[in-house]
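These notes are about the structure you will find just below.
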Amino acid sequence: MTTSPEATDLVDQDAGRTKRVLLAKPRGYCAGVDRAVVTVEKALETYGAPIYVRKEIVHNRHVVDTLSERGVIFVDETDEVPEGAIVVFSAHGVSPAVHEEAAKRNLRTIDATCPLVTKVHKEVHRFAREDYDILLIGHEGHEEVEGTSGEAPERVQLVDKPEDVDKVQVRDPSKVVWLSQTTLSVDETMERVEQLKERFPELQAPPSDDICYATSNRQQAVKAMAPECDLVIVVGSQNSSNSKRLVEVALQAGASDAHLVDYASQIDDAWLDGVSTVGVTSGASVPDVLVMQVLDHLAERGWDQVDEVTTANEKVTFALPRELRKDLDSNPDKPQGVR
């Protein structure tokens with residue numbers, strides 16, 4: 066595997082080369098996902114099974130299945146958790162109402178909400194306190210959107226599709242702000258912002274970018290390699306918003322074809338007909354072992370030259386939730402930290 070120093074130099078322009086793979090970097094686990102998964106693993110080690118998790122800890126089938134085999138019980142709501150048991154809140158975050166319900170049931174909670182999602186929650190709280198109307202750009206029904214909206218349901222209006230822009234009603238056009246789900250396509254989000262600005266010229270932006278750095282970085286890497294790709298394979302689950310966005314970004318950036326798969330076994334050999342260059346990447350909740358299996362699958366079919374397309378180097382890490390750190394600190398023999 067080779068890595069070139071400049072993104073513009075990373076894609077081999079030699080049209081005569083055949084059956085090569087362009088491997089996006091960065092890809093896979095972001096810091097928030099790593100923190101959430103390790104939180105559940107450490108909870109199992111520290112407290113023993115079963116550990117309850119509200120919703121999927123992250124949106125990846127392999128991760129959920131693997132943790133289930135180790136004694137994690139995934140539930141839809143906290144009323145499914147036995148009173149007094151331990152429940153972990155997923156990386157996507159929960160509303161204050163969920164925290165209140167857990168407290169009423171005397172549950173021991175560990176909050177694995179990604180710190181970048183928590184940042185958006187705090188922005189909602191702040192702007193609601195200042196009596197703004199908040200336009201949340203995101204996908205209806207997504208767990209992150211439900212948790213974020215729940216911070217101030219009387220002030221938040223969801224803007225998902227273009228037609229939602231016309232439905233927005235505000236009290237004071239000079240006190241309107243937009244925020245966004247962290248895992249959206251950057252380009253799609255800005256399209257929605259421009260549409261909103263046409264209706265509300267004084268629309269304010271969030272104090273800092275809401276779209277997660279990892280989401281942006283993975284999309285940028287795909288954009289760099291997509292024009293050279295006859296096919297882009299994105300490893301990720303169907304309920305992973307950021308993974309599905311990578312497929313869309315690949316096609317918009319010039320890839321001839323793009324597909325989302327959980328596992329290498331889901332790759333249809335018909336996709337490879339007439340294909341010279343295959344791009345490979347993965348969503349922010351995907352362990353790299355699944356990407357390596359895709360590379361092995363392609364190598365068995367002749368795509369054994371792999372060139373890494375690097376557009377950013379990520380060094381972000383997040384500390385484990387304080388509820389878990391406290392117990393780990395009292396038991397120093399247990400290994401700590403996010404890998």
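If you count by my numbering, then the sequence shown holds residues 66 to 404, one letter each, in order. C-beta: ideal position from N, C-alpha, C; glycine also.
First through last residue of the beta strand (DSSP E) which encompasses Gly425: In the structure as shown, the chain begins at 66 and stops at 404. Residue 425 is therefore absent and cannot be evaluated.
DSSP beta-bridge partners of Ala323: Val297
Cβ distance (whole Å) where Ser305 is taken to contact Asn125 below 8 Å: 7 Å
So Ile276 and Val343 are supposed to be a Cβ contact under 8 Å. How far apart are they, rounded? With 8 Å as the limit, Ile276 and Val343 do not qualify as a contact, their Cβ atoms being about 27 Å apart.
Leaving out the 5 sequence neighbours to the left and right, which residues in its chain are closer than 6 Å to His190 when beta-carbon positions are compared? Glu216
Check whether the region 156 to 173 touches the region 195 to 204, counting contact only when three or more Cβ pairs, one atom from each stretch, lie closer than 8 Å. no
Met357: buried (16+ other C-beta within 10 angstroms of its C-beta) or exposed? exposed
What's the C-alpha gap between Leu88 and Gln370? 10 Å
Taking Tyr94 as the reference, which of Gly319, Leu296 and Thr280 has the closest Cα? Thr280
To the nearest angstrom, how far is the alpha carbon of Asp394 from that of Glu263? 53 Å
Where does the unbroken beta strand (DSSP E) through Val159 begin, and where does it stop? Note, Val159: premise wrong, no beta strand (DSSP E); not H, not E.
State yes or no: is the C-beta of Ser119 within less than 7 Å of the C-beta of Val102? According to the sequence displayed, residue 119 carries Arg and not Ser. Cβ distance not < 7 Å, so Arg119 and Val102 don't count as in contact.
Buried/exposed call for Tyr117, threshold 16 Cβ in 10 Å: buried
Among Ser347, Thr213 and Pro266, nearest to Pro161 - alpha-carbon criterion: Thr213
Whether Pro238 touches Phe265 by CB criterion (7 Å): yes
Please report the Cβ distance between Leu249 and Ile202, rounded to the nearest whole angstrom; I am assuming they are in contact, meaning their Cβ atoms lie under 8 Å. 7 Å
Check this for me: beta carbons of Thr247 and Leu181, under 7 Å apart or not? yes
Using beta-carbon positions only, say whether Ala308 and Val123 come within less than 7 Å of one another. Here residue 308 is Ser; the residue named in the question, Ala, does not match the sequence. Not closer than 7 Å, so no.
Whole angstroms is fine: what's the gap from Lys187's alpha carbon to Glu148's? 29 Å
Ends of the alpha helix (DSSP H) at Phe192? Pro180 to Arg194
I'd like to check one pair, Ile199 with Val221: are the Cβ atoms closer than 7 Å? yes
Any idea what DSSP makes of Glu263, helix, strand or coil? helix
Tell me whether Asn378 is buried or exposed, calling it buried when 16 or more other Cβ atoms sit within 10 Å of its Cβ. exposed
Per DSSP, which residues does Asp176 bridge with? Please list them. Phe154
In whole angstroms, what is the alpha-carbon distance linking Ala177 and Gln285? 27 Å
For the beta strand (DSSP E) holding Val146, just list the boundary residues, first then last. Counting along the chain, Val146 falls outside any beta strand (DSSP E), and DSSP gives it neither H nor E.
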